[in-house]
Amino acid sequence: MDQPPTRPVPPCSRRIAPHEPWSPYVIDSSALLADLKTQLKALQIDLRASAEDRSNQWGARLRAEYEEALRRERTGHSWMDWRDNEVDQAAVAWVVATAFLRFCEDNDLLAGARLDGMPIAVGWIAGPGDRTQRAEENLTAYFRTNPIHNRRHWLQQGFRVLAAQPAGAGLVDPRHNPVWLAEISPESANALIAFWRRTDAGGVLVHDFTDPNLDTRFLGDLYQDLSEHAKKTYALLQTPVFVEEFILEQTLTSAIAEFGLNGLKVIDPTCGSGHFLLGAFERLNRAWLEEAPALDAKERIRRAMASIHGVDLNPFAVAIARFRLTLAGLKTMGERSLVGVPAMGFRLAIGDSLLGEQGGVPETFGVLAEDEQGRTYLYDSEDLSDYFEILRPGKYHVVVGNPPYIAVTDRALRKIYRQAYRTAHGQYNLSIPFMELFFRLAIRGEQGRGAGYVGQITANGFMKREFGRKVVEDLFAGFHLENPVDLTRVIDTSRAHIPGHGTPTVILIGRRRRPVDNHVRVVAGVRGEPGVPVDPAKGRVWREIVEHVNDDWFEGRYVSISLRDRKNLTVHPWSLGGETATALKEAIEAAPGRMGARVWRMGMFGDSHAEDYFAAPVGTFVRLGVDAGDIAGAIDGNAVRDWAAGKIGELFFAGGPAAAASAAETSRTSLWPWRRSLWNRATFSGTTYRESGIDWLSWHQVSAQRDARPRIAFAKIATHFHAAIVRRDDIEKPGALRIELPPESLESEFFELAAALNSSVACFWLKQVCHNKGNGGIGGGIGDEDWEPRYEFTGTKLDQFPIADQLPIDRGRMLDTLAGDVQGASPLQVIMVWMDQGGAEGLAERLREARADWERLRARMIFEQEELDWDSYRIYGLIEEDLTYRGSGLDELALGERAFEIALARRVASGEEETAWFDRHHSVAISDAPHWWPSDYSAIVQRRLHCIAHDGYIELIERPECKRRWWIESWDAQRQNALRGAILTRLENPALWQDAQGPAAHSVAELADALRNDRVVRELARVLSENAEPDLAAVIASLIWEEAVPFLAAHRYKPSGVDKFRAWQEVWALQRREDMGDSITIPLPPKYAKSDFRSPTYWRARGKFDMPKERFILYPGVRRAGDSTPVIGWAGWSHRDQALALAREIPVQQALGVDDAGIEPLVAGLVELECWLHQWHSEIETAYGTSSASVISGVVDQYLARVEKTRDQVSAWVPPVATRARALRL
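Each residue of the sequence shown is one higher than the one before, starting from 20 at the first, in this note's numbering.
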């Protein structure tokens, strides 16, 4: 038996599955991934410069591609956003291609290779033992023959050898792979080779790919996590093996039995890194071995591979899938080298599956005819034209996959998909058209021909969200003439623990034919995993699914299986609860009334389609100069909690399309920088605001009237349903919907509806019909417990909520009153009242008293809510007995003391259940009634516990997922935030930022001196610091860091962000020309990303459209004599005031000995402001005898003349690389 080599092997950090034997050759994928991310960033910087260089062959080609794609409506992205995707793809291509080459080197996969008919010396980059030295010798010999080449050419030489092998031709395809056209610099090539040659302290290669098993699973990790940009853009997510195996068992295994192996065709239209295809190959190989055991191994592999087809939009995903399939075939053949091995025979293409025959690409995918109408433009990296009819409908016996679930952000693509797929309805995501495509690709069963099998794991949002209506009622109804669907199995996997799937999922199995049975086997979730399983494949929910999926009926602890009437699955929305849950839902629906009959209007106040511009923290719009009449308070869904609707931020609101033209001129001036983007918003017809002649300040739609009439607001997205009565003229953001009653409605009607909606009965019913959004999307992790996922509560669903004849008006009135009292006792309200009363001493004592009131009132609310819930069970006929408390000995409860919590604590104590409920909500788990309870209340709770234990309906509702969480920011956190906010607001007093000479910046120490006699600030600082004699400068300094952003672009952004800022400057210059009457085309400006900013603080303040939300301006490098504290200005200054304050700093700094080089960034700041001054402040000012624009231009001219520089040169200034100590000082 061969022994493993004795050379040292890097330790393995990749988790080994329980069934997987440990091997010394396992590649440390986590370490490799971390190191490669650093290389990727360097390559991105290099290639981004090439992309912007029009003299560069690749850069010029990219520009041409983009302009043609824009013209042909293949994309609607801005140049920079589109360019960044191409740069990322090219950088990843270089990383992946060199990884392929390294794997081949270490495993002798190219031994004996020839190039152009001549033998070639193997070894290009590195390898264990003396292989790195041999690679360097080969490089030296190459340079003798090719003296003007560099290491990039050498790497490409290695790629050529790989591509010259029939089995390796598609791995680095010379016609489509970016490594041939997106040429990296010699320096980057040197760095890339040096990276792969790194060794540890013992001289051992850090990344050694030697593996006798040729295991390529590490490439799956690279596929998913190497590029954050690609992960977000393409929703990269590996399908767990146990899920892939399950779906293939439901589809491919049956297809082989029905159709046989000859000519069988399998496709994954969203193949990613090839998980489904690798699994399919393994099954097909085994099947061929059983059917033809005497068949030559190579021929067996060829036949199995001939069945394999795949398409993916992501080029490097397809490259990885090809490599993995190639090595899987090689290993199965028993071969150890790619040399001399024929092409494997699989067909994997790069391109957009949705733009196949349905999207308008010609059937042959050949060269486009002169008439381009209806033809989709193909990018250079896409090779669909090489794969004849790979996306022809009706071709495949098996269609499987895990399609992306993300929304379509590219407007042009969204329009094309909507035209091509009849199910692409409303605000659809990509799972919708892919559902249609999967079935369309399968063989249509008719006239004695068997139908193709379809299996996919996909987002379950279509089941309950409005955009899924056409999928359910048209596609899954089964009788579509062109694309009949026989849905055979619907498997709810939302409660199973599937790693990486933060979005709740469902597995759909079906065939492309008219339905042949009146029933569909439905696997419904009952409850989630009790904890995170060590091996997800052995999770309790998943095992019940696997073990009972073929049962016609099963009622387990975690899933319920039944044959459901197909008609019930042709009506939207779907409700896939278990048998008891379905019966309980129907029992609640026995109530005679419906919410829709009681309300006048329900839904959004309106939708701006511009929340990034029109929503901001309190004070932002005033600082920007927006007219006060165009500013409204905002109610966000996150603030609708526990019977109250708090104000979070503000909204710009000048009205809908008919009213926005009346917006104040100051508002137009303030928001002018974002006019191009605001005009680019889409109307309902798909045109832009500009094309439709709609005012760029208009809201998309306004459905209600802004006034202070009472209404009920509810949170659209939350873990539990929350509703609150609102009596002010603040506006609900799209995350909070409103319920308006008829104008003549009495106040009591609001109380009774609020009581019904806030009950646990309503929470249960709504969770049966509303969409479970999970815990944060793909890769966001899924909630381990059923109370953690967020739901989307919509007016459409709420309209059908059952209303009982009798509703608990008094309980609704009491809880509404208590909620108001709780808000009145909050730190924010206490401090506001205290300041309105003059801000005398004694704030700390007021806050202590308010805290006691706040806690007491919250305890009363918990008690009253518990009574409301149990009263509702009787009102809705779920129980006959009245289990409410009629005594007077108790009216407060602590968290942990409710009946369901006691029952839960008992199950935890017995080991029956695990939960984070008590820890997460800072409560104590108790198994018995507290001794201080009066006996009559203890008796009621015991009866409630008996009901929970013995009544199936009540057991389902009295669970954490239906009971109010009472989770809120702690009192201490509220107190600190309120104190900080009060001091910061005091610091924004305009008088502080103006002196006799005009606007003036101050150091923190100067501000402290100016405020030392302000008794309000002193008292606030005392309470905040808990110090009778606080260091006011230290307090102010601690506050401004999160509220200040530098004055200069180079200080705010990293180089990538500066590039985007320059693109925005170009857009503003074109807008100014447009205002002068020029007819020009203005490109869409790029969006910023967090990675574009030098600090997370700056990103939080600015966001992806760089809208200033900070309170203060930071001046890095500016100082005062004998004062080391930061110098800041006020963000509420106009451009004029910003420029004048900055100009005043120049002589101050010069007097402190700062040289011209130190003054340069200040002048650069003036240059950035110059254009705004000439645009908005060109009028003559008496104080100057000229305009402030002319004054500032004169200052700039004077400096430039002295240092002999141009404005462009000064604008190109970049800050020196900061040491850690210097960075901390800044």
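Note that beta-carbon positions come from the ideal geometry of N, C-alpha and C, so glycine has one too.
Along the length of the region 690-768, whole beta strand (DSSP E) runs at least 3 residues long occupy 730-734, 742-745, 755-759, reported in chain order.
Between arginine 441 and leucine 506, the C-beta gap is not smaller than 9 angstroms, which leaves the two residues out of contact.
Threonine 395 counts as buried, since no fewer than 16 other beta carbons sit within 10 angstroms of its beta carbon.
Isoleucine 898 has its alpha-carbon roughly 55 angstroms from the corresponding atom of glutamine 466.
The C-alpha of threonine 164 lies about 28 angstroms from the C-alpha of leucine 66.
Going by DSSP, serine 954 is part of the alpha helix (DSSP H) stretching over 954-969. Pairing phenylalanine 1131 with alanine 680, the inter-Cα distance amounts to about 31 angstroms. By the criterion of a C-beta distance shorter than 7 angstroms, aspartate 570 is surrounded in its chain by Ile580, once the five residues flanking it on both sides are discounted. A Cβ-Cβ contact shorter than 9 angstroms links isoleucine 476 with threonine 512. Valine 191 counts as buried, since no fewer than 16 other beta carbons sit within 10 angstroms of its beta carbon. Ranked by how close their Cα comes to the Cα of alanine 132, the residues Glu84, Glu1187, Glu669, Ala183 have Ala183 in first place.
Distance check between proline 611 and each of Leu826, Val417, Ala306 places Leu826 closest, using alpha-carbon atoms only.
Between isoleucine 369 and leucine 332, the C-beta gap is smaller than 9 angstroms, which places the two residues in contact. In this structure, DSSP gives arginine 441 a state outside helix and strand, which the three-state scheme calls coil. The C-beta separation of methionine 623 from glutamate 751 comes to about 7 angstroms, placing the pair in contact by the 8 angstroms criterion. Closest in C-alpha terms to glutamine 108, from the list Pro197, Lys60, Arg984, comes Pro197. In chain order, Asp103, Asn104, Asp107 place their CB closer than 8 angstroms to the CB of histidine 248, counting only its own chain and leaving out the 5 sequence neighbours on each side. For glycine 529, the enclosing beta strand (DSSP E) begins and ends at 524-530.
The beta carbon of serine 946 is closer than 7 angstroms to those of Ile921, Ala924, Arg925, Ala928 in its chain, skipping five residues each way along the sequence.
Residues Arg1005 of the same chain have their beta carbon placed closer than 8 angstroms to that of aspartate 1033, with the five preceding and five following residues left out of the count.
Nearest neighbour of glutamate 156 by Cα position, chosen from Pro166, Ala140, Pro147, turns out to be Ala140. In the structure shown, lysine 1079 adopts helical secondary structure according to DSSP, grouped into three states. Where asparagine 791 is concerned, there is no enclosing alpha helix (DSSP H), although the beta strand (DSSP E) around it starts and stops at 790-793.
Between valine 490 and glutamate 455, the gap from beta carbon to beta carbon is short of 9 angstroms.
It is roughly 36 angstroms from the alpha-carbon of serine 49 to the alpha-carbon of glutamate 988. Straight through space, the alpha carbons of alanine 732 and alanine 774 are spaced by roughly 13 angstroms. Boundaries of the beta strand (DSSP E) harbouring tyrosine 472: 472-478, taken from the DSSP string.
In the structure shown, serine 450 falls within a helical segment according to DSSP collapsed to helix, strand and coil. For glycine 656, no alpha helix (DSSP H) encloses it; the enclosing beta strand (DSSP E) starts and ends at 650-660. Per the coordinates, the alpha-carbon of tyrosine 472 lies some 48 angstroms from the alpha-carbon of alanine 634.
Cα atoms of serine 246 and glycine 1017: separation of roughly 49 angstroms, rounded to the nearest angstrom. The region 395-407 makes contact with the region 356-375: 3 or more CB pairs, one atom from each, lie closer than 8 angstroms.
In the same chain as asparagine 537, and ignoring 5 residues on each side of it, the C-beta atoms closer than 6 angstroms to its own belong to Arg585, in chain order.
Here the region 1171-1178 does not lie against the region 1033-1050, with fewer than 3 beta-carbon pairs under 8 angstroms apart. Counting along the chain, threonine 164 sits inside the alpha helix (DSSP H) bounded by residues 150-164. Counting along the chain, proline 846 sits inside the alpha helix (DSSP H) bounded by residues 846-855.
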